[in-house]
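Each number in the numbering used here corresponds to the 1-based position in the sequence shown with 378 added.
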Amino acid sequence: MTSHVIPFLKGNIHCISEGKGRCIVLLHGFLGSTEIWKYTIPYLSKSYKVIAIDLPGHGKTDCFGYAHSMELMADAVHAVLKYFRIKNCVLIGHSMGGYVALAFTKKYPHIIKGLCLFHSTAYPDTEEKKKDRNRAIKIVQKNSALFVRPMIRNLFAKNNLKYLKEELKMATRIALNTSPQGIIAALIGMRDRPSSVTFIQETRLPILLIIGKKDNVLPFESLLQQCEMIQNKECLILEYDGHFGMLENPKATALAIRKFVRKCFQK
């Protein structure tokens with residue numbers, strides 16, 4: 379695994395790379411980092427070049443202002459691909475990383491061979507969700523740990539928590555290392571992101587949806603509706619898992635991604 383620091387705006391982006399060949403880009407979710415993919419990367423890097431990126435305000439990547447829009451994060455991803463001279467790739471976006479992947483695909487469509495929405499959605503925030511984001515911002519301004527600890531716990535399916543104590547500990551540690559500025563900038567960016575529903579309805583791009591039936595964040599029914607909208611789709615439903623498939627069910631999710639990527643590059 380090689381670590382890279384890449385200049386972007388007035389700071390730096392951190393990413394890691396492993397393997398050779400056609401490129402897969404992994405984008406973590408809110409309060410994540412490249413480390414969240416530790417179980418996924420070995421399955422993919424045997425056959426592909428895998429690049430995992432710390433998104434702005436997360437991991438070892440700098441903050442770039444008061445708000446990190448999904449478009450700004452997409453530009454950060456583009457800077458990484460330029461650095462590696464990547465002509466095309468398959469984007470895998472977990473949760474917030476999926477919002478970034480959608481923003482990237484709309485802005486730089488010629489680069490993308492396929493897209494995976496891993497516990498993610500093309501829908502914008504509802505008014506209720508926007509209020510939740512605003513409440514979260516106020517909590518983080520006072521004490522970010524009060525927000526982070528229960529939120530990370532909620533990302534796992536309840537029944538999985540007793541088996542995945544180390545994974546919960548790791549995800550919590552990564553999240554607690556995210557600065558309050560990084561947390562707030564991402565909350566604002568997610569709150570204000572536009573809808574990508576029209577895009578997923580109209581595109582012929584291959585899209586893999588990974589859905590956790592026990593997801594406490596995204597309603598299962600709305601994700602099934604989203605699946606129906608997409609023309610060129612594959613769907614993996616994880617019966618017993620929540621919002622953290624790469625930790626709750628690493629083998630099934632990684633193998634589904636590998637199979638999907640193979641198809642994307644055959645076209």
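Backbone N, C-alpha and C define an ideal beta-carbon position, used for all residues, glycine too. Note that the structure is predicted; figures quoted are calculated from it, not measured.
Could you tell me the boundaries of the beta strand (DSSP E) in which residue i lies?
| i | result |
| --- | --- |
| C494 | I490 to F496 |
| L587 | I585 to G590 |
| V403 | C401 to L405 |
| A430 | K427 to I431 |
| K611 | K611 to L616 |
| I608 | Careful: I608 lies outside any beta strand (DSSP E) and carries neither H nor E. |
| F408 | Premise fails: F408 is in no beta strand (DSSP E) and is neither H nor E. |
When the Cα of residue i is compared with those of the options, which residue comes out closest?
| i | options | result |
| --- | --- | --- |
| K536 | V383, L387 and H621 | H621 |
| E505 | M568, G410, E606 and A634 | M568 |
| R640 | L387, S395 and C401 | C401 |
| N390 | K427, A523, N538 and H436 | H436 |
| I566 | S574, P502 and V383 | P502 |
| L459 | F386, E599 and I517 | F386 |
| T412 | S423, K424 and I394 | I394 |
| K547 | P558, A454 and F534 | F534 |
| V575 | M451, P558, Q603 and V468 | Q603 |
| A585 | I429, L469 and M624 | The question names Ala, but residue 585 in the sequence shown is Ile. Nearest C-alpha to I585: L469. |
| D440 | G475, L422 and H392 | H392 |
| S573 | D432, A479 and I431 | A479 |
| I635 | F496, G476 and P487 | F496 |
| E545 | S425, H456, T483 and P628 | P628 |
| A553 | K438, R513 and R463 | K438 |
| V455 | V526, V403 and K427 | V403 |
| K388 | M379, Y421 and A457 | A457 |
| E580 | R571, C605 and Q609 | Q609 |
| F462 | K427, G623 and Y541 | K427 |
In whole angstroms, what separates the C-alpha of residue i from that of residue j?
| i | j | result |
| --- | --- | --- |
| K508 | L405 | 23 Å |
| L652 | I589 | Lying outside 379 to 645, the shown extent of the chain, residue 652 is not represented and no answer is given. |
| L601 | T499 | 7 Å |
| P597 | F577 | 21 Å |
| A481 | F408 | 15 Å |
| D510 | G399 | 42 Å |
| M607 | N594 | 22 Å |
| M474 | G410 | 9 Å |
| K611 | K637 | 13 Å |
| R383 | I431 | Position check: residue 383 holds Val in this sequence, whereas Arg was assumed. Answer to the nearest angstrom: the Cα atoms are 10 Å apart. |
| S425 | C467 | 14 Å |
| A632 | C494 | 11 Å |
| S522 | A514 | 9 Å |
| I517 | F643 | 44 Å |
| M451 | L587 | 21 Å |
| C605 | F525 | 31 Å |
| N555 | K484 | 31 Å |
| G476 | N512 | 21 Å |
| I490 | L542 | 34 Å |
Looking at the unbroken alpha helix (DSSP H) that takes in residue i, where does it start and where does it end?
| i | result |
| --- | --- |
| G650 | There is no way to answer for residue 650, as the model of the chain reaches only from 379 to 645. |
| N512 | E505 to K520 |
| I450 | The residue asked about is misnamed: residue 450 is Leu in this sequence, not Ile. L450 -> alpha helix (DSSP H) spans M448 to F462. |
| G389 | Where G389 is concerned, there is no enclosing alpha helix (DSSP H), although the beta strand (DSSP E) it sits in stretches over G389 to E396. |
| V639 | P628 to Q644 |
| I566 | P558 to R569 |
| T418 | Per DSSP, T418 belongs to no alpha helix (DSSP H) and is neither H nor E. |
Pull up the CB-CB distance for residue i and residue j, whole angstroms please, since I reckon it's below 8 Å.
| i | j | result |
| --- | --- | --- |
| L396 | S423 | Strictly speaking, residue 396 in this sequence is Glu, with Leu absent from that position. Their Cβ separation, rounded to whole angstroms, is 4 Å, which keeps E396 and S423 in contact under 8 Å. |
| L433 | G492 | Not quite, the Cβ-Cβ distance comes to about 20 Å (not below 8 Å), so this is no contact. |
| K591 | L616 | 6 Å |
| P487 | Q519 | About 38 Å separates the two Cβ atoms, so there is no contact after all. |
Determine, using beta-carbon pairs with one atom in the region 415-424 and one in the region 519-530, whether at least three such pairs fall under 8 Å. no
Would you call the region 555-563 and the region 443-463 in contact, with 3 or more CB pairs under 8 Å? yes
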